[in-house]
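See structure below.
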Amino acid sequence: MLESGAIRKNYLGNDIPVSVGISFPVSLILVFLFYALIQRYDFSFHIYLIGIISICFLGFIDDMLGQRDTLGFKGHFGALFKGKLTTGGFKALGGGIIAFFIALSVSGSGSLWNGWVDILLNTLIIALFTNMLNLLDLRPGRAIKGYLFFLFLMILMAGGRVNWLLIAPLLGVILVYFTVDLKARAMMGDAGSNVLGLTLGYYSIIFLSMPYRVGVLLFLIAMHIYTEKFSLTKTIERVPLLRIIDQAGRSRENG
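For the sequence shown, the tail end lands on 256 under the numbering used here, and the numbers increase by one without skipping.
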């Protein structure tokens, strides 16, 4: 990736490879092709696989061509209303469409609640979780720590009744990559954080009951409102416990 020019300055100003998260979907597909020999997956899972490939591609475009002077939903959609489509805005719109089709493949049908309300709820969870991991991916290891934390909470909320064959492949991939990210040798970029976030959204809608999903959505909305007004990094630095967790595993030169 260095030879191809896929590099960017990190928060310390060092040039490192970016968008190495494009390897996540490739690794997942290879593992799931093997899994297909021993387990049958439903239609929604195939839509999810198409979704992570698509969202990874959108993230890669933003990593390579993105304008860093426009940030957040407010910035990207504000630019869109002015007739300017940023790469971040394109990614957000594309992510919303991807989230909708995944939700459509999972959600129930019939009554209003089990139909379109369920689809809307699930679409918002996937879309906001996808962006939530982008918001975390500003320091080495932070997005992966966030992924592991949310995954742990999700398993608890589901009472352990989850599909471990579904969880294990991506978990294995990011644990292998974790040290690289912590040591700031490379950045997964939006290509990687998009995959992590979309996956958490997918897990939420297939593993969690309606009350928990409503709670997850309210939390995600609250976090997005907060981060539009305040710096998440500064908040983490002000809270001792969050700061310790955030800095755990990093070398001193990487903050």
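The beta-carbon is built from N, C-alpha and C at its ideal position, and this holds for glycine as well.
Might you give, ordered along the chain, the residues of its own chain that have their beta carbon closer than 8 Å to the beta carbon of residue i, omitting 5 neighbours on each side?
i: L3; result: For L3, the predicted model reports a pLDDT of 49, less than 50, meaning its position is unreliable; a value from the coordinates is still stated below. For L3, where only same-chain residues beyond five positions count, the Cβ hits under 8 Å are P18.
i: I8; result: M2, D16, I17, P18 and V19
i: V181; result: V21 and A187
Under 8 Å, do residue i and residue j count as touching if we go by C-beta distance?
i: L307; j: L152; result: No information on residue 307 is available, as it lies outside the stretch 2 to 256 that the chain covers here.
i: I120; j: Y203; result: no
i: I278; j: P26; result: One cannot answer for residue 278 here, as it falls past the ends of the chain, which runs 2 to 256.
i: G190; j: D64; result: yes
Pick from the options: whose alpha carbon is nearest that of residue i?
i: A187; options: V118, F44 and L139; result: L139
i: N1; options: L171, A192, F101 and S108; result: No answer is possible for residue 1: the residues shown for the chain start at 2 and end at 256.
i: L29; options: Y12, K92 and C57; result: C57
i: I145; options: A104, L122, S194 and F102; result: S194
i: A185; options: P141, S45, G161 and G198; result: P141
i: L129; options: H47, G96 and Y12; result: G96
i: M24; options: G216, Y227, V196 and D247; result: Sequence check: residue 24 is Ser here, not Met. When only C-alpha atoms are compared, the closest one is V196.
Among residues of its own chain, excluding the 5 on either side of residue i, which ones have a beta-carbon nearer than 6 Å to its beta-carbon?
i: Y213; result: M158
Around the C-beta of residue i, are 16 or more other C-beta atoms found within 10 angstroms, so that it is buried, or is it exposed?
i: M211; result: exposed
i: R143; result: buried
i: I99; result: buried
i: F208; result: buried
i: A249; result: exposed
i: A37; result: exposed
i: V107; result: buried
i: I39; result: exposed
i: K92; result: buried
* Asked: If we count Cβ pairs, one from each stretch, closer than 8 Å, do we get three or more for the segment 214-226 versus the segment 161-177?
  -> Of all C-beta pairs linking the segment 214-226 to the segment 161-177, fewer than three are shorter than 8 Å, placing the two stretches out of contact.
* With contact counted as at least three CB pairs below 8 Å, one residue from each stretch, are the segment 29-39 and the segment 164-171 in contact? -> yes
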